[in-house]
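S.K.: Sharing a structure with you now.
Residue numbers (my numbering): 23 to 227.
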């Protein structure tokens, strides 16, 4: 999309022609409502790779009626803007998602406040029952400095509100520090086979 204006297209309907598309790799693009709808409608799509992309903040994830039952793997690397609870909620609409990988991602430090403000809406849409949340098998949050040192709250706790983490098999968690909420989430694991923890923060930070 290097030659496209503002790195997005007005029409992504050409994706419909790829009837057997299973893996989609997108780099240096803008995630818009139009692109999202076409991705959701790729019924045989299994994996998504979002690299160096911009998330269109005009997407109203709470009211966007989208759902995909085929995608089980999503990897997100180096988004150009800060992600927030709306984006995480959007990911939770991939109802069979099992493997979620983040690399060098910045999350909003206002996340807890935003989450509380939207709590009622989220519960009505997704969280009224624990069984409604997708059961992740793999969750990787891998951040190099300065990404690992930007958050002052438990990212893992936020994810536990949108996904069922009890049945994780593999967790990679690289953060600036641990919080009490992390311990609460750890205590809920039932099938964890592999755990990778890395505290990036130093005393000088």
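We treat Cβ as the ideally placed atom computed from N, Cα and C, and that holds for glycine.
#1: Am I right that residue 94 and residue 68 are in contact with their C-beta atoms under 8 Å? What's the rounded C-beta distance?
#2: What would DSSP say about residue 151, mapped onto helix, strand or coil?
#3: Answer with buried or exposed for residue 221, where buried requires no fewer than 16 other C-beta atoms within 10 angstroms of its C-beta.
#4: Quick one: what's residue 97 bridged to in DSSP?
#5: Among all the DSSP beta bridges, which residues are the ones paired with residue 201?
#6: Relative to the C-alpha of residue 163, which residue among 75, 98, 52 is closest?
#7: In this structure, how does DSSP classify residue 90 when only helix, strand and coil are distinguished?
#8: So, with DSSP's three-state summary, where would you put residue 191?
#9: Between the alpha carbons of residue 210 and residue 72, how many angstroms are there, rounded?
#10: Given this structure, state the Cα-to-Cα distance separating residue 118 from residue 174, to the nearest angstrom.
#11: Taking 7 Å as the cut-off, decide whether the C-beta atoms of residue 101 and residue 75 are in contact.
#12: Provide the residue(s) that pair with residue 49 in DSSP beta bridges, ordered along the chain.
#13: What residues match up with residue 79 in a beta bridge as DSSP calls it?
#14: Is the beta carbon of residue 161 less than 7 Å from the beta carbon of residue 214?
#15: Within the continuous alpha helix (DSSP H) that includes residue 59, where are the two ends?
#16: In angstroms with no decimal places, state the Cα-to-Cα distance between residue 181 and residue 107.
M.R.: If we stick to the structure as given:
#1: 6 Å
#2: Because the pLDDT of residue 151 is 38, which lies under 50, any placement of that residue in the model is unreliable, and the number read from its coordinates should be weighed accordingly. Of the three classes helix, strand and coil, the one that applies to residue 151 here is coil, per DSSP.
#3: Exposed: under 16 other Cβ atoms inside 10 Å.
#4: 71, 123
#5: Paired residue(s): none; residue 201 is not in a bridge.
#6: 98
#7: strand
#8: Residue state, collapsed to three classes: coil.
#9: 29 Å
#10: Between residue 118 and residue 174, the alpha-carbon positions lie close to 30 Å from each other.
#11: yes
#12: 73
#13: DSSP, once it has assigned bridges, lists no residue as partnering residue 79.
#14: No, the pair does not count as a contact, with Cβ atoms beyond the cut-off.
#15: 55-62
#16: 9 Å
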